[in-house]
Amino acid sequence: MGRLDPKQMYRDPEQVEPGFEPIMHSIHYPSGKDKVHGLLMMAGGRGERPLLLLLHGFPGTERNLDVAQALRMAGCHVAFFHYRGAWGSPGEFSFAHVLEDPHNVLDYLLSPEVAQQYRIDRSNVFVAGHSMGGFAALHTGATRSDLKGCCGIAPYDFGKGHLIAQRSPEAAEVYNMVMGQPLSELRTRSDGALLEEMAAHAQDYALEGLADGLAGKNILLFGFDQDDASVPDLHVEPLVELYGARSSVRYERYDTDHSYNSKRIAVATALCDWMAGLED
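Quick note: the sequence shown, position 130, residue 244 per the numbering used here, numbers continuous.
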């Protein structure tokens, strides 16, 4: 089996074996009654490789594919997709689907025949996500037993965001604008559907409620000093303390903005190092 080598990040391979070149596959992953648009970046070389499922945020303008490419250079397969109803994927966009879709994609990729086809090492599977993707990654990690670890890059706690908006008129104005505005990138049931869904399920979606499911698991969290969306003191550091009491938590905090524009390499490197340290 191939292992991750962080030293190979941002380096082209010196030799490429015919038939085992790095390659990108366009895949329509089955999810519910639909097939979501996605891809699989395969690392080069013989043998099975670790798999990272990388989840994007809301609405998904930032896709983190530079991080995906760096991890592929290090020897990791990386899967990416657009949630149902997002960026042309069929179906309806909802938070319920944001939480269901990663499971459906993983179930497909980890089925024996598909894992064999794409040379996936099913004993070394990770999920990571940015912002809403971090929210989904932590939920995914809490409800699966076949992952080696889960990572939240500036995870946004939508449940907490809703509860804060109930107490603060200023927070409510921003929250309602972001969640209630029609977005051409997302196909929702109605303009107010996401607000209605969160009002009904805020407690269920809150990340602090995942402590039991994440107990004993490997978690990597990132917080960013200039982040005015996933404010570390509100959305990230409470999780570090809560999860850390019962799980193996690594926390990285950098002086950058929500999309870590000035720390792209630092985030990719820390993620790769963490994954490499957990491989069997």
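For each residue, glycine too, the CB sits at the ideal point set by N, CA and C.
None of the values given here were measured: they were computed from a predicted structure.
Item	Value
Expected contact under 8 Å - CB spacing of Tyr-289 and Gly-275 to nearest Å	6 Å
Limits of the unbroken alpha helix (DSSP H) element including Glu-351	351-358
Environment of His-139 [buried if 16+ CB atoms lie within 10 Å]	exposed
Of the listed residues Leu-300, His-142, Asn-375, nearest to Phe-195 (C-alpha basis)	His-142
Residues bridged to Ser-245 [DSSP beta-bridge criterion]	Looking at the DSSP assignment, Ser-245 forms no beta bridge with any residue, so it has no partner.
Same chain, Cβ closer than 6 Å to Arg-367, neighbours up to 5 away in sequence not counted	Gly-337
Residue range of the alpha helix (DSSP H) that includes Leu-291	Rather than Leu, the amino acid found at residue 291 in this sequence is Met. It spans 283-294 - the alpha helix (DSSP H) in which Met-291 sits, taken as one unbroken run.
Buried or exposed by the 16-neighbour rule on C-beta atoms within 10 Å, applied to Ile-137	exposed
Residue range of the alpha helix (DSSP H) that includes Glu-311	307-319
Segment contact flag, the region 211-223 with the region 301-315, C-beta cutoff 8 Å, min 3 pairs	no
Thr-175 burial status per 10 Å Cβ neighbour count (16 or more: buried)	exposed
C-beta contact flag for Glu-162 and Arg-233 at 8 Å	yes
Cβ-based neighbour list, Phe-172, same chain, cut-off 7 Å, excluding 5 preceding and 5 following	Ser-245, Met-246
Inter-stretch contact (C-beta, 8 Å, three-pair minimum) for the region 149-158 and the region 346-353	no
Of the listed residues Ala-184, Asp-148, Ser-298, Pro-283, nearest to Thr-383 (C-alpha basis)	Ala-184
Close-in-space but distant-in-sequence residues of the same chain around Lys-262 (CB under 7 Å, 5 per side omitted)	Asn-238, Val-239, Phe-240, Asn-332, Leu-392
Neighbourhood of Val-345 by C-beta distance below 8 Å, restricted to the same chain and skipping five residues each side	none
Buried versus exposed, by CB contacts within 10 Å (16 or more), Tyr-357	buried
Cys-190 in three-state terms, based on DSSP	coil
Residue closest to Gly-133, alpha-carbon to alpha-carbon, out of Gly-159, Arg-198, Ser-376, Pro-296	Gly-159
Cβ distance (whole Å) where His-253 is taken to contact Leu-213 below 8 Å	5 Å
8 Å Cβ cutoff met for Arg-117 and Gly-199	no
Delimiting residues of the beta strand (DSSP E) encompassing Asp-148	148-156
Inter-residue CB distance, Ala-279 and Ala-286 (contact presumed, cutoff 8 Å)	4 Å
Own chain residues within Cβ distance below 6 Å of Ala-229, not counting five before or after	Arg-236
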